[in-house]
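Which chain is which? The protein sequence lines are A and B, in order. All residue numbers for the first sequence refer to our numbering, where the first residue is 1 and numbers rise by one. All residue numbers for the second sequence refer to our numbering, where the first residue is 1 and numbers rise by one. C-beta atoms are modelled at their ideal positions from N, C-alpha and C, and glycine is treated no differently.
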Amino acid sequence: MTFRNTLSIKFLMATCTCLTIFFTMFNMAASMDDMLTETKTKAQTIYKVIQFVGFPEKSFSSPSQPIAVCVLGYDSFGKILDYAFKDKKVDGRALNIIRVRNFKTLKKITESYQVIYITKSLRKEVPTILAHLMGSNCLIMGESPDFCQQGGMIQLKVLAKKARFNINTTAAWQEDLKISSNLLKLATIVKTEPLISKTRN
Amino acid sequence: MKSLKDLSIKYKVMSIMMLVSGVSLLLAGGILLLVETKSFKKRYITNLSTISEIIGANSTSALLFDDKEAARTTLSALARQKTFTECGIYRPDEQLFARYVMQGHKRELPPNFRAPGTYFEGGKLIHFSSIIWKGETMGMVYICTDIGELQERVKQYAGITSTILIVALCAAVLLSLWLHRIVSSPVLQLTNVAYTIAAEQDYSIRVPLSESHDELGILVRVFNQMLEQIQERDSALQNARDELEVKVEERAKEIREMSQMLKGIITNMPVVAFRINDKGEFTEAIGKGLQRLGLRSGEVVDQSAYNIYPNLATYMDNAKAGTMTFCEVTGVHDGEHWCFSSYFFPDDDRPGHIVGFALDITERKRAEGHEKILQDQLIRAERMRSLGVLAGGVAHDLNNILGSMLMLPELIKDDVQKEIGEGNENLAESMKDLSTIESSARRASAIIKDLMTLGRRGKYQKVPMSLNVVTQKYTKSHEFEALKKQFPHINITKRLSRKISFTNASESHFTRVISNLVRNACEAIPESKGVVRMQTSNITLKEPLIGYETIPAGKYVLFSVSDNGAGIAARHFEKIFEPFFTKKKITGRSGSGLGLSVVHGVVKDHDGYLNVTSVPDKGTNFQLYFPTTEATAEDEKELVKEALRGGAESILVVDDEVSQRQLAKRSLETMGYTVTTAENGHDALEKIGDVKNEISSFDLVILDMIMEDDFDGLTTYEHILEKCPGQKVIIASGYAPTRRSQAAVDLGAVWLAKPYDSSELASAVRSKLDETA
């Protein structure tokens, strides 16, 4: 083996290494970008979904009362959600974000909130949380699999960079929330048994 | 094509009804169609807008959540409506979000973006609408629909409208057919009546009165009233017109008659009627008088009168100035002179124009000339008659003297001849002297006879005779033979017509005429060979012959004597028949100047005419025209025979001249008569003596007319008639007839001119004796 051959192999190996590193870095960046896009999409979707939901009057104490959006669990949105809600209003109401790390903290919160988004970090506590929130007239959204089957109202998911969601109309009906048909026709309807009996008006 | 105003009112009403109905229906249909189309469009647009809004509303979430599939699902619902051909949902940045295209339709998206609204474009209806959700524009909906339905709807409406129109028009026609009578029937009746009245002029016809009280009813009533007025007026007018027509007819008849009269005058009268315009040109020239001028009717029209008749310019100018003028115009055409009396009048109706006429006075002028000739002839005849009377008076006395000179030499010669026969030769010389005396006496007698003939004009005994016979007798006479001996160098011929007509004539006088003419002709021929021709012929003049004198038309016996002698000078032509006019001193006998005067007198006494033509140095032709009579040749023979026949009757000759008495006695006795003589009237009455049964012993008495002053022939005759009313008497006289001699003739006597010869005496005697009582 000649020096030249040795040099070439080294160069080739270095090149491959560099390429490997490059591609790895590229993939990582792409993955990061995808995650960011997904987060952004979810943040925007939360805002959009809120617009298609009719809250009962009792959810607000006053007409100008902002809509309190509680992010329960690990907040993967970060500032993205803030950016998404910034200067936005739904039916004349501003959007306030409340970040709650866990269920315990949630229990302690006395102030009212109209939307609760349960992140994937609390997927195991979803049934408990849903039970707790029963009768709160809150719009309960989540991103964990089978969220709706577990009794959640709206499960967000991003497919091909586009937001898709499942809606449990039974859960929404139980909480007196009116979800727009426009939203419903975009969603996958999931029906579960009502947790409590309710007379439909 | 007929215009509406020319149509019958029936069709006019129908047309108007149909027109109004059609226009109304068309307008209604059109407006309905417009309204419906507009409404349909509005609905269409509203519907489209609604659909668009629905699509927009249903697409909000899809847009918001970028769910194209959901948007397509929403749009796919449009497939149920076949009118939507295309539909699209756009993002606010005009990027197509979702689309729908009707199956089988060509994809045309994306269209040009427009502001929200509805647009008709290329047979399509396009609608743009914004998708607004919660005050935010989410995007845009574009929807396109085919307006075929709209067009179909319009067609449908148009069809319905047309159908309604046709049905309505049919209904209108039917209705108008039924309803037009209300209006048109009275009008048509009115029209028919008006037509009938106009065609038949019968104003008694009336339009049937309608019960309606509308304008037509009023019109009919007023029309009928008007007809009544017209009828009354027409009746009055008709009467007036009838009267006028009668007057016009009368006037027209008068004008026609006047026109015919004028036409007849102009056509038959020798007149030229003419008009001359202000330029001096003839505008009309008609009339029979144009023939005289050698012009045809209208030939001079358009020709200047001033050029044709420049010498009439003054007269025409005066007439133009307003003064009637007159002049006589003369000229020559074809060698014949003409003369017109022309009158020029100003035309009152046309200033500067002239009307006039010209009367042909050529014949009058000629007649005036001829009248002058006749007057000259009359004067000449009177002069000749006066001369004849004068000559006759002288001749009577000479005749009585010559009577014995003529007769005694014959008697003496008989005695001398007896003496010579008995041997007395010394008397032979006396015999020659007696012959000379006798010859001279005869010549004197001839002259005296001419004079007597002139003086005895018109009282000849004329009988029907043939001039051929007389001429032949003359050519066999002693006188003719003597004449030929006297003019041996002259060939005297005769050419007599075989079938000559008879004429009443005195033979002795006519013989004298022949003798005079032939002698005159011979004496006119100088000492060279010449020809004298006697000729007779029948001639018929269809028109008067203007010659030496004018000979009327009629049938004549023509006797002519022509010669090739010296002729007659023109200056002497008028005087040749005057007594004692002569230019010939050839013979002793010639130059008496009585020959042609006798000819003239005899011809005139025979109601005949004379014509003389003469060319100096060429000769002269005397033509005598005697009127014919109906007698025949048998009559002539009989007359000649009778003239020579004598008898055994007893005759008393009464004459105060012894010689005349003896001569008559001898001649009559020679003829076989028993003759008694008486020297005067008293003697005659004694000789007759007493009579029995008013019948004397004499069958005939020959009385001399001029005897003793107080007892002439007429007185003797009257006394004889007292005794013997049926006594036959001959009155003989050497004088011209007088009232007394005429009275004797009226009493029944026969006139016998003296001197007479034996044949004349025999003829007269026989004629009277054979006369029945």
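**Request:** Would you please verify whether the beta carbon of F794(B) is less than 8 Å from any beta carbon of chain A?
**Result:** The requested residue 794(B) is not part of the displayed model; chain B covers only 1 to 773.
**Request:** Taking the CB atoms as reference points, tell me whether I276(B) and I354(B) lie closer together than 8 Å.
**Result:** Residue 276(B) sits at position 276 when you count from the first residue of the second sequence. Residue 354(B) sits at position 354 when you count from the first residue of the second sequence. Yes, the Cβ-Cβ distance between I276(B) and I354(B) is below 8 Å.
**Prompt:** What residues from chain A crowd round T60(B), counting only those whose CB sits closer than 8 Å?
**Reply:** The residue labelled residue 60(B) in the question sits at position 60 within the second sequence. Those are N182, listed as they occur along chain A.
**Request:** Compute the Euclidean distance between the alpha carbons of T587(B) and T676(B), then round it to the nearest angstrom.
**Result:** In the second sequence, counting from the first residue as 1, residue 587(B) sits at position 587. In the second sequence, counting from the first residue as 1, residue 676(B) sits at position 676. Low per-residue confidence applies at T587(B): pLDDT is 44, beneath 50, and the placement is therefore not dependable, though the value from the model is reported in the following sentence. Taken atom to atom, the span from the alpha-carbon of T587(B) to that of T676(B) is near 43 Å.
**Message:** Counting C-beta neighbours from all protein chains within 10 Å, is the total for D349(B) 16 or more, i.e. buried, or is it exposed?
**Reply:** Within the second sequence, the letter at position 349 stands for residue 349(B). Label assigned to D349(B): exposed.
**Message:** Just to confirm my understanding: we take L398(B), look at its own chain, exclude 5 residues before and 5 after, and list those with CB closer than 6 Å. What are they?
**Reply:** By one-based count along the second sequence, residue 398(B) stands at place 398. Cβ within range, chain order: I448.
**Request:** Buried or exposed for V35(B), please, with buried defined as at least 16 other CB atoms from any protein chain shown within 10 angstroms of its CB.
**Result:** By one-based count along the second sequence, residue 35(B) stands at place 35. V35(B) is classed as exposed because its beta carbon has fewer than 16 other beta carbons within 10 Å across all chains shown.
**Prompt:** So, helix, strand or coil for V23(B), using DSSP?
**Reply:** Counting from 1 along the second sequence, the entry for residue 23(B) is found at position 23. Helix, per DSSP.
**Asked** Alpha carbon to alpha carbon, how far is Q229(B) from E200(B)?
**Response** Sequence index remark: in the second sequence, residue 229(B) carries index 229 (1-based). Sequence index remark: in the second sequence, residue 200(B) carries index 200 (1-based). Between the C-alpha atoms of Q229(B) and E200(B) there is a straight-line separation of about 17 Å.
**Message:** Can you pull the chain B neighbours of F85(A), defined as C-beta to C-beta under 8 Å?
**Reply:** Residue 85(A) sits at position 85 when you count from the first residue of the first sequence. For F85(A), no chain B residue has a C-beta closer than 8 Å to its own C-beta; the minimum C-beta separation is roughly 15 Å.
**Message:** Can you list, in chain order, the residues of its chain with a C-beta nearer than 6 Å to that of S342(B)? Leave out the 5 residues immediately preceding and following it.
**Reply:** Sequence index remark: in the second sequence, residue 342(B) carries index 342 (1-based). The residues are C327, V329 and A358.
**Below-8 Å beta-carbon distance, Q51(A) vs any chain B residue** = As a first step, residue 51(A) is located in the first sequence; it is residue number 51 there, counting from the start. Contact with chain B is found for Q51(A), since one of that chain's Cβ atoms lies less than 8 Å from the residue's Cβ.
**Request:** Counting only the same chain and skipping the five closest in sequence on each side, list residues whose C-beta sits under 7 Å from that of Y90(B).
**Result:** Residue numbering aside, residue 90(B) sits at position 90 when the second sequence is read from its first letter. Taken in chain order, the residues that qualify are L96, F97, G139, M140 and Y142.
**Prompt:** Given that L186(A) touches chain B, what residues does it touch there, using C-beta distances under 8 Å?
**Reply:** The residue you call residue 186(A) lines up with position 186 of the first sequence. Ordered by position in chain B, the residues that pass the 8 Å Cβ test against L186(A) are S61, A62, F65, D67 and A70.
**Prompt:** For the candidate residues E679(B), G567(B) and S597(B), whose alpha-carbon lies nearest to that of E382(B)?
**Reply:** Along the second sequence, one-based indexing puts residue 382(B) at 382. Ranked by Cα distance from E382(B), the options E679(B), G567(B) and S597(B) are led by S597(B).
**Item:** Span of the beta strand (DSSP E), counted from its first residue to its last, around N239(B)
**Value:** Against the second sequence, residue 239(B) aligns to sequence position 239. Where N239(B) is concerned, there is no enclosing beta strand (DSSP E), although the alpha helix (DSSP H) it sits in stretches over E215 to N268.
**Request:** Flag this pair as yes or no: are the beta carbons of V561(B) and F487(B) separated by less than 8 Å?
**Result:** Residue numbering aside, residue 561(B) sits at position 561 when the second sequence is read from its first letter. Residue numbering aside, residue 487(B) sits at position 487 when the second sequence is read from its first letter. It is not a contact, given that the beta carbons lie outside the stated cut-off.
**Request:** Decide if the segment 464-476 of chain B is in contact with the segment 407-426 of chain B; the criterion is three or more beta carbon pairs, one per stretch, under 8 Å apart.
**Result:** No: the two stretches stay apart, fewer than three of their Cβ pairs being nearer than 8 Å.
**Request:** Spatial neighbours of L290(B) within its chain, please: CB distance less than 8 Å, with the 5 preceding and 5 following residues excluded, ordered by chain position.
**Result:** Along the second sequence, one-based indexing puts residue 290(B) at 290. Around L290(B), the same chain offers V272, R296, S297 and E299 as residues with beta carbons nearer than 8 Å, after the five sequence neighbours per side are excluded.
**Prompt:** Hey, would you say P208(B) sits closer than 8 Å to Q189(B), going by beta carbons?
**Reply:** What you label residue 208(B) is simply residue 208 of the second sequence in a count that begins at 1. What you label residue 189(B) is simply residue 189 of the second sequence in a count that begins at 1. The Cβ atoms of P208(B) and Q189(B) lie closer than 8 Å to each other.
**Request:** Give a yes or no on whether the minimum CB-CB distance between T37(A) and chain B is below 8 Å.
**Result:** To locate residue 37(A), count along the first sequence from 1; it is residue 37. So, not an interface residue.
**Request:** Sort out for me which residues DSSP pairs G117(B) with in a bridge.
**Result:** On the second sequence, residue 117(B) is found 117 positions in, with the first residue counted as 1. In the DSSP output, where bridge partners are listed per residue, G117(B) has F128(B).
**Request:** Give the straight-line distance between the Cα atoms of F60(A) and S136(A), rounded to the nearest whole angstrom.
**Result:** Translated into positions along the first sequence, residue 60(A) becomes position 60. Translated into positions along the first sequence, residue 136(A) becomes position 136. Between the alpha carbons of F60(A) and S136(A) lies a distance of about 12 Å.
**Request:** Flag I40(A) as yes if its beta-carbon sits less than 8 Å from any beta-carbon of chain B, otherwise no.
**Result:** In the first sequence, residue 40(A) corresponds to position 40, counting from 1. It should be pointed out that residue 40(A) corresponds to Lys in this sequence rather than to Ile. No, K40(A) lies away from the interface with chain B (no Cβ there is under 8 Å from its Cβ).
**Prompt:** So, does the CB of A163(A) fall closer than 8 Å to a CB anywhere in chain B?
**Reply:** Within the first sequence, numbered from 1, the residue matching residue 163(A) stands at position 163. Taking Cβ atoms only, chain B reaches closer than 8 Å to A163(A), which makes this a yes.
**chain A within 8 Å of K134(B), Cβ atoms only** = Taking the first residue of the second sequence as position 1, residue 134(B) is located at position 134. Put simply, the CB of K134(B) is near chain A, with a gap under 8 Å to one of its CB atoms.
**Asked** Can you find a CB in chain B that lies within less than 8 Å of the CB of K178(A)?
**Response** Within the first sequence, the letter at position 178 stands for residue 178(A). Taking Cβ atoms only, chain B never reaches closer than 8 Å to K178(A), which makes this a no.
**Message:** I'd like to confirm something about D617(B): is its beta-carbon nearer than 7 Å to some heavy atom of the ligand SAM, or not?
**Reply:** The model depicted lacks the ligand SAM and carries no ligand whatsoever.
**Message:** Any beta carbon from chain B within less than 8 Å of K120(A)'s own beta carbon?
**Reply:** Here residue 120(A) corresponds to residue number 120 of the first sequence, with the count starting at 1. No, its Cβ sits nowhere closer than 8 Å to a Cβ of chain B.
**Prompt:** Out of curiosity, what's the CA-to-CA distance linking T629(B) and G601(B)?
**Reply:** As a first step, residue 629(B) must be located in the second sequence, where it is residue number 629. As a first step, residue 601(B) must be located in the second sequence, where it is residue number 601. Each residue's alpha carbon lies about 20 Å from the other.
**Request:** Can you have a look at R181(B) and say buried or exposed, based on whether 16 or more other CB atoms are within 10 angstroms of its CB?
**Result:** Within the second sequence, the letter at position 181 stands for residue 181(B). For R181(B), the number of other beta carbons within 10 angstroms of its own is below 16, and it is reported as exposed.
**Prompt:** Would you call the segment 520-539 of chain B and the segment 488-497 of chain B in contact, with 3 or more CB pairs under 8 Å?
**Reply:** Contact holds: three or more Cβ-Cβ distances are below 8 Å.
**Item:** Residue environment, L244(B), which counts as buried when at least 16 other CB atoms sit within 10 Å
**Value:** Looking up residue 244(B) in the second sequence gives position 244. The residue in question, L244(B), is exposed, as its Cβ has fewer than 16 Cβ neighbours within 10 Å.
**Prompt:** Taking the C-alpha atoms as reference points, what is the distance between Y100(B) and K68(B)?
**Reply:** Locating residue 100(B) in the second sequence gives position 100, where the first residue counts as 1. Locating residue 68(B) in the second sequence gives position 68, where the first residue counts as 1. C-alpha separation (whole angstroms): 12 Å.
**Asked** If we count the other Cβ atoms within 10 Å of its Cβ and call it buried at 16 or more, is R589(B) buried or exposed?
**Response** As a first step, residue 589(B) must be located in the second sequence, where it is residue number 589. Per-residue confidence for R589(B) stands at a pLDDT of 43, beneath the threshold of 50, marking its modelled position as unreliable; no derived number is given.
**Message:** How far does the alpha helix (DSSP H) with C138(A) in it extend, from its first residue to its last?
**Reply:** Mapped onto the first sequence, residue 138(A) falls at position 138. Unbroken run through C138(A): none, as it is neither H nor E.
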